[in-house]
Amino acid sequence: MPGAPCLPQPVQGARGPERSRSLRRSLTSVPETRTTDPGEAAALQAAGARLLRHGHDMVLDLDGPAPTIPPLSGGLRVIAVREAASRLPAASVLAYGPGHPDAPASLAEAERRWQELLADRAIGPVLEPPSVAIIDALGDEVVGALVVTRLWPESWGWPGGPWVADIFVVPAHQGRDLGRSLLMRAVAWAHGAGELRIGLTVSDGNPAQRLYASAGFRRQRTLFVLETA
Ligand SMILES: CC(C)(COP(=O)(O)OP(=O)(O)OC[C@H]1O[C@@H](n2cnc3c(N)ncnc32)[C@H](O)[C@@H]1OP(=O)(O)O)[C@@H](O)C(=O)NCCC(=O)NCCS
């Protein structure tokens, strides 16, 4: 879903094959159909529906040893995520560049999304810690960020717990283990807090899936969200 990178995909209804119609909470209230059935998603698309999101909810069970967090290098340091609030939208627009499945349509959209997220309205209360922003040595530039919220129980089987609501690293700093460091910060915090699991949603085709899989996250549900009007 554009501009909704790691947001969970709540579905009304029972567990198992899930299908519901709802009104997307947007300015235009577009009728949606949600399904976990790939055949149904394909049939709906063949009939003219537009695929809004194809995402995977991934969960890591925290029953192993305490994880380690790769250290930050080059003078980078972390600050509280809300301290960086005014600089997060522009940095995230850089990170979710053109062509990314979750790229926001505009800076204004990114600003709206961050406002909702940090006001605890997008998913659930922001957990601080472990939510942080990484800033450069001078404290000028936001290099990356991690937002973890508490997602309440969901009908698809999520029993409630910490949820990685957003994680990004700006392109100039990607590929240097910062994303892994942020993710492991979330995992280590959850482990230390006695949480039993941690989850996130990733859009199909986002290479970040490899990072999550290598950290031990496993797919729990795949959901197709289609515009059916
Ligand atoms: C996902 C993201 C945070 C990873 O940050 P990063 O600092 O580049 O990642 P790391 O250097 O820590 O790499 C960790 C692993 O991520 C995987 N990976 C993540 N993004 C990748 C990409 N664009 N291309 C290739 N591999 C990628 C690799 O498997 C890598 O493992 P490896 O080094 O063993 O191959 C960063 O690419 C990003 O901001 N992407 C855009 C925003 C986004 O999609 N956020 C996730 C939303 S669910």
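Going by the numbering used here, the first residue of the sequence shown is number 1, and it counts up by one from there. Glycine included, every Cβ here is placed at the ideal spot set by N, Cα and C. Here the structure is a predicted model, which means the values were calculated and not measured.
Residue(s) in a DSSP beta bridge with residue i
i, result
"R50", "E227"
"L151", "G161"
"I79", "A133"
"I198", "L60"
"S106", "According to DSSP, which records beta bridges pairwise, S106 is partnered with nothing at all."
"R221", "D57"
"V126", "T149"
"R143", "It should be noted that the sequence gives Val, not Arg, for residue 143. Bridge partners of V143: none, in fact."
"S203", "G55"
When the options are compared against residue i, the one with the closest alpha-carbon
i, options, result
"L76", "A145, F224 and D166", "A145"
"L94", "F168, R197 and S214", "F168"
"A91", "R176, S155, G124 and I135", "I135"
"A49", "R180, E32, P89 and M58", "E32"
"A85", "T222, V147, A213 and F217", "V147"
"A186", "A43, D57 and L62", "L62"
"T201", "D37, V59 and P38", "V59"
"P129", "R150, E154 and H56", "R150"
"P153", "I69, G124 and V170", "G124"
"D140", "R87, L44, L127 and A41", "R87"
"R82", "V170, G199 and V142", "V142"
"V78", "G55, A133 and E116", "A133"
"P65", "L226, G216, R53 and A229", "G216"
Residue i beta carbon near ligand 1 (any heavy atom closer than 7 Å)
i, result
"I123", "no"
"V142", "no"
"A105", "no"
"I167", "yes"
"R113", "no"
"H56", "no"
"P89", "no"
"R53", "no"
"G216", "no"
"Q174", "yes"
"H100", "yes"
"L178", "yes"
"W207", "It should be pointed out that residue 207 corresponds to Pro in this sequence rather than to Trp. Yes."
"A95", "yes"
"R210", "yes"
Host beta strand (DSSP E) of residue i (start-end)
i, result
"W163", "G161 to V169"
Residue i CB to nearest heavy atom of ligand 3 below 7 Å
i, result
"V202", "Because ligand 3 does not appear in the structure shown, any question about it cannot be addressed here, the ligands present being ligand 1."
Enclosing alpha helix (DSSP H) for residue i [first to last residue]
i, result
"P89", "L88 to A95"
"A66", "Neither: A66 is in no alpha helix (DSSP H) and is coded neither H nor E."
"S181", "L178 to G192"
"Q174", "Element bounds for Q174: n/a, residue is neither H nor E."
"L211", "A208 to S214"
Residue-level contact to chain B via CB, residue i, 8 Å cutoff
i, result
"P67", "In the structure shown, chain B cannot be found, because there is only a single protein chain."
Cβ contact check for the segment 155-165 and the segment 100-116: 3 or more pairs under 8 Å = The segment 155-165 is not in contact with the segment 100-116.
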